[in-house]
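Down below is the structure, laid out as structure tokens.
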Amino acid sequence: MPNQIATNAGDSLVTLAQQHLGDFRRWRDIAAQNGINPLEGLPTGINLDVPTLDEMLKVAEPILAKVSAGVNAAQQVTSQVEQVLQAVGGYTPE
221 MPNQIATNAG
231 DSLVTLAQQH
241 LGDFRRWRDI
251 AAQNGINPLE
261 GLPTGINLDV
271 PTLDEMLKVA
281 EPILAKVSAG
291 VNAAQQVTSQ
301 VEQVLQAVGG
311 YTPE
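Under my numbering, the first residue of the sequence shown is numbered 221, with each subsequent residue one higher.
Here's what the structure looks like:
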């Protein structure tokens, strides 16, 4: 369950992300969790759900798995290309 925080005058998604998630770059997580358009001002006195680390990890894990699979596929293709180049032209990787 996400943590709830109330917004105060002068708050921004960036400052709230720094204060509650330890990284100002995580402002998008707060915006997404609450359906906030970042181009609009952040209202004062509303309650926002701040995602917990567990919630962020649940979202990140499938993305990381896809990235890892892509890296593995790229490494296999690179290896196969190097083998072909070695066979036809004596190419030696550095």
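Backbone N, C-alpha and C define an ideal beta-carbon position, used for all residues, glycine too. Quick caveat, the model's predicted, so the values are computed rather than measured.
Tell me which residues share the same chain as residue i and place their Cβ nearer than 7 Å to its Cβ, disregarding the 5 neighbours each side in the sequence.
i: Thr227; result: Leu262, Pro263, Thr264, Gly265, Ile266, Leu268
So, residue i versus residue j, is the Cβ gap smaller than 8 Å?
i: Gln315; j: Thr312; result: Residue numbering for the chain in the displayed model covers 221 to 314; residue 315 lies beyond these limits and cannot be assessed.
i: Ile250; j: Leu277; result: no
i: Asn223; j: Val270; result: yes
Between residue i and the rest of its own chain, which residues show a CB-CB distance below 8 Å, the 5 nearest in sequence each way excluded?
i: Arg245; result: Ala237
For residue i, which residues of its own chain have a beta-carbon under 6 Å away from its beta-carbon, when the five flanking residues on both sides are left out?
i: Val279; result: none
Rounded to whole angstroms, what's the CA-CA distance from residue i to residue j? Just pull it up for me.
i: Trp247; j: Thr298; result: 37 Å
i: Gln239; j: Ala285; result: 29 Å
i: Gln296; j: Ala289; result: 11 Å
i: Asn292; j: Leu273; result: 27 Å
Determine the burial state of residue i: buried for a count of at least 16 other Cβ atoms within 10 Å of its Cβ, exposed for fewer.
i: Ile283; result: exposed
i: Asp243; result: exposed
i: Leu241; result: buried
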